[in-house]
Amino acid sequence: MAGGEDAAGLVDKHDTSIDLATWHLGIKTRPARVVIPKDLSEVIAAVRDEETYPSPLIAVGAMHSVTRCVEANQGTVLYMTGFNRIIGLAGAFDSDVQVVRAEAGVTMAALHAWLLARQRELSFSPEIGDATVGGLVTTMCKDSSVNGPGHLCALVEALTYVDHEGNVVRLSREKDEDALEHYMCSYSTQGITLDATLRCRPAALIRTRFHSLMVGNSRKLAERMLKLRAACDNVWAVITLDGCYLEQRWAAPGRTLHRTSPRLFLAIMRRIRYELILVAAVPKMVLWGTWGWLPDLYHHRSLLVNTYPAVTAQQARLDFSYYEYSDISRFAEVVEGALRFARDFKRDTGFAPSGFGCYFVKREGARAKLLAGAYSGSEGWSFVMDPLCPDPIDPRWLAYCRAFTPWAIARGARTSLTQTKELLPGQYALDSRYVRPRFLTPYYAQFVTEVKPGAEAAIRSPDRICYTAAAQ
Ligand SMILES: Cc1cc2nc3c(=O)[nH]c(=O)nc-3n(C[C@H](O)[C@H](O)[C@H](O)COP(=O)(O)OP(=O)(O)OC[C@H]3O[C@@H](n4cnc5c(N)ncnc54)[C@H](O)[C@@H]3O)c2cc1C
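Okay, structure coming up:
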């Protein structure tokens, strides 16, 4: 890419022959301008100057998302890597509630490490360290968190963004809670996120126990998983057609931070989990032979979380498609049905996903009271069951996602514009009230839906709590 200083002083790169790609190389885009803003004034200048920085104008973080959400063909991409400062902590140190303010380009791994060095943590620690604060608070995410909400937006106390006219807007939970929630559900179509202020708490260790379970009868497997979940603080699992790898997680109150399991052992386990998540078609021997013998591990959550460095097209690259079910009483039905769907698909086409990533996500706080995308509608627990594939461009995988989405929606699943593959119009509804044309890409435009007045209040019953339902 050619680079240089232009009239506005922006460090920009513009060469229409260069494609940008997501981390897993599955989605490519060819913007007219790629800009790495150094500071706020450069973001504002880019937003205001549509002639030099054509629409659609979007920001990106680490480009670790898995859908066309990062496409801005002929438009402008702002790479937020320069916004990588952790501005600081606020609140009394001995208080249970403090906040940390971090810029949009800060990765979760960097934020967790910074907080841990200060004996603080976020309750949210997803299975990916590379995702950025901006990429997560402006969209959605999921984590089998221990004693806390399983999505980052629930921890946001305030947020700063640049709107479509180049104004800097600061929203706080205290003063503008609804506006804040709707901004975070707008999938970046309302502004460029600059920073977020996140609730944190004293850091603590957790205890993790590893299990391998036979799949055999899938309903029985689901019931066993629920029993294991009831006996701990949360569970995370990868279910394959042959077996299930499951982690039970407990808070370990009172255990001081330095009393972790040996670091080398943690590093080995992190590597094994990396392969497990990336490839998921875990050799059966590994599943059956090893896990049951492992001792419980004591560790900080972030110490088992992976980062995913650059890959080549020859390597396995994790891809997945997200489905959130807000009615946990349907867990056994969904596990059984999804495995049957995968087996039938394999019988008909020779292809099956390599597994399903399974999360339990706590819905609470303001979002739960709204009708506003993921984790809204009512307080409680959602489960997420994402089919996985190690090759994001395998056409049979993409066909699988297209076939599976209607099946999942029919069973109450909610989808995501950044995490559900191959979505069609009608399978997600982006509320037209919050969308600004300056930031609207053709991908997102397909989903813009007018939410009828009163629709939000009318559809708060547990099985009709998604925008998708509102749109139909
Ligand atoms: C191997 C792997 C494992 C994963 N595991 C998990 C997991 O356990 N839990 C989970 O929730 N997710 C997981 N993900 C998905 C990933 O965390 C999300 O897609 C996340 O959004 C990626 O963050 P990012 O910074 O790379 O965002 P990007 O991909 O760069 O951007 C995502 C979206 O956010 C927008 N955006 C980014 N920054 C800004 C900003 N500053 N202002 C406005 N809009 C912005 C972009 O325009 C785009 O629409 C995983 C992904 C991979 C590849």
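Numbering (this note's numbering), first residue to last: 1360 to 1831. Don't be surprised by glycine CBs; every beta carbon is placed ideally from N, CA and C. Bear in mind the structure is a predicted one, so any value in this text is a computation, not a measurement.
Among the candidates R1797, T1764, V1794 and Q1778, whose CA atom is the shortest distance from the CA of G1785?
If you compare the alpha carbons of R1797, T1764, V1794 and Q1778 with that of G1785, the shortest gap goes to T1764.
Tell me which residue opens and which closes the beta strand (DSSP E) that I1598 is part of.
Boundaries of the beta strand (DSSP E) around I1598: N1593 to I1598.
Can you give me the start and stop residues for the beta strand (DSSP E) that C1603 sits inside?
Start and end: G1602 to A1610.
Measuring alpha carbon to alpha carbon, tell me which of F1700, D1703 and V1743 ends up nearest K1721.
When only C-alpha atoms are compared, the closest one is V1743.
Per DSSP, C1717 forms a beta bridge with which residues?
According to DSSP, which records beta bridges pairwise, C1717 is partnered with A1596 and M1744.
Which residues share a DSSP beta bridge with R1560?
E1480, per the DSSP bridge assignment.
With a threshold of 16 other CB atoms inside 10 Å of the CB of E1809, please say whether the residue is buried or exposed.
E1809 sits exposed, since fewer than 16 C-beta atoms from the chains shown fall within 10 Å of its C-beta.
Look up T1671 in the DSSP assignment and say whether it is helix, strand or coil.
Look at T1671 here: in three-state DSSP terms it is coil, with no helix or strand label.
Taking 7 Å as the line, does the beta carbon of M1543 fall inside it for any heavy atom of ligand 1?
Taking the Cβ of M1543 as the reference point, every heavy atom of ligand 1 lies at 7 Å or farther away.
Heavy atom of ligand 1 within 7 Å of T1388 beta-carbon
No, ligand 1 has no heavy atom inside 7 Å of this Cβ.
Straight-line CA distance for N1432 to T1411?
Going from the Cα of N1432 to the Cα of T1411 covers about 15 Å.
Residues near R1427 in its chain [Cβ-Cβ closer than 6 Å; skip 5 each side]
The answer, listed in chain order, is I1386 and Y1802.
Work out the CA separation of V1505 and S1571 for me, nearest whole Å.
S1571 and V1505: Cα-Cα distance of roughly 21 Å.
Classify I1551 as helix, strand or coil using the three-state DSSP reduction.
Reduced to three states, the DSSP call for I1551 is strand.
Got a sec, what are the start and stop residues for the alpha helix (DSSP H) Y1803 sits in?
It spans P1801 to A1804 - the alpha helix (DSSP H) in which Y1803 sits, taken as one unbroken run.
Could you name the residues of the same chain whose beta carbon sits closer than 8 Å to that of M1644, not counting the 5 residues immediately before and after it, in chain order?
The predicted position of M1644 is uncertain, since its pLDDT is 48 and thus under 50; a value taken from the coordinates is nonetheless stated next. Around M1644: no qualifying Cβ.
How about S1545 and V1393: are their beta carbons less than 8 Å apart?
8 Å or more divides the Cβ of S1545 from the Cβ of V1393.
Quick check: does the Cβ of Y1682 come within less than 7 Å of any heavy atom belonging to ligand 1?
Answer for Y1682: no, Cβ out of range of ligand 1.
At a threshold of 7 Å, does H1382 count as lining ligand 1 (C-beta to nearest heavy atom)?
Position check: residue 1382 holds Trp in this sequence, whereas His was assumed. At least one heavy atom of ligand 1 sits closer than 7 Å to the Cβ of W1382.
For A1675 and D1535, what's the separation of their Cα atoms in angstroms?
Cα to Cα, A1675 sits roughly 44 Å from D1535.
Host beta strand (DSSP E) of A1697 (start-end)
First-last for A1697: F1690 to T1708, but that is the alpha helix (DSSP H), not the beta strand (DSSP E).
What is the rounded straight-line gap between the Cα of T1599 and the Cα of V1574?
Going by the C-alpha atoms only, they are around 8 Å apart.
Exposed or buried, which one is E1409 when buried takes at least 16 other CB atoms within 10 Å?
Per the 10 Å Cβ criterion, exposed.
Y1546 CB to nearest heavy atom of ligand 1 below 7 Å:
Y1546 Cβ: within cutoff of ligand 1.
What's the C-alpha gap between F1624 and S1688?
In a straight line, the C-alpha of F1624 is about 37 Å away from that of S1688.
Under 8 Å, do N1665 and I1446 count as touching if we go by C-beta distance?
Taking the C-beta atoms as reference points, I1446 is found no nearer than 8 Å to N1665.
Are the segment 1500 to 1515 and the segment 1476 to 1484 touching, with three or more C-beta to C-beta distances below 8 Å?
Contact between the segment 1500 to 1515 and the segment 1476 to 1484 is established, with three or more Cβ pairs separated by less than 8 Å.
Round the Cβ separation of G1550 and S1685 to the nearest angstrom and send it over; I've been treating them as touching at under 8 Å.
Contact between G1550 and S1685 does not hold, since the beta-carbon distance rounds to 28 Å and is not under 8 Å.
Here's a check: name, in chain order, each residue in its chain whose Cβ is nearer than 6 Å to the Cβ of P1796, leaving out the five neighbours to either side.
Closer than 6 Å at Cβ, skipping near neighbours: no residue.
May I have the straight-line CA-CA distance separating E1738 from L1448, to the nearest angstrom?
Rounded to whole angstroms, E1738 and L1448 show a C-alpha spacing of 29 Å.
Does at least one heavy atom of ligand 1 sit under 7 Å from the Cβ of H1423?
The beta carbon of H1423 sits closer than 7 Å to at least one heavy atom of ligand 1.
Same chain, Cβ closer than 6 Å to L1379, neighbours up to 5 away in sequence not counted:
Correct list, in chain order: T1388.
Would Q1478 be called buried (16 or more neighbouring beta carbons within 10 Å of its own) or exposed?
Exposed: under 16 other Cβ atoms inside 10 Å.
Neighbourhood of A1767 by C-beta, 6 Å cutoff - its chain only, sequence neighbours within 5 removed:
So the list reads Y1682, once near-sequence residues are dropped.
Let me check understanding here. Comparing Cα to Cα, which of T1779, S1775 and L1585 lies closest to W1756?
Comparing Cα positions, the closest option is T1779.
Taking the C-alpha atoms as reference points, what is the distance between C1717 and D1537?
So the alpha carbons of these two residues sit roughly 30 Å apart.
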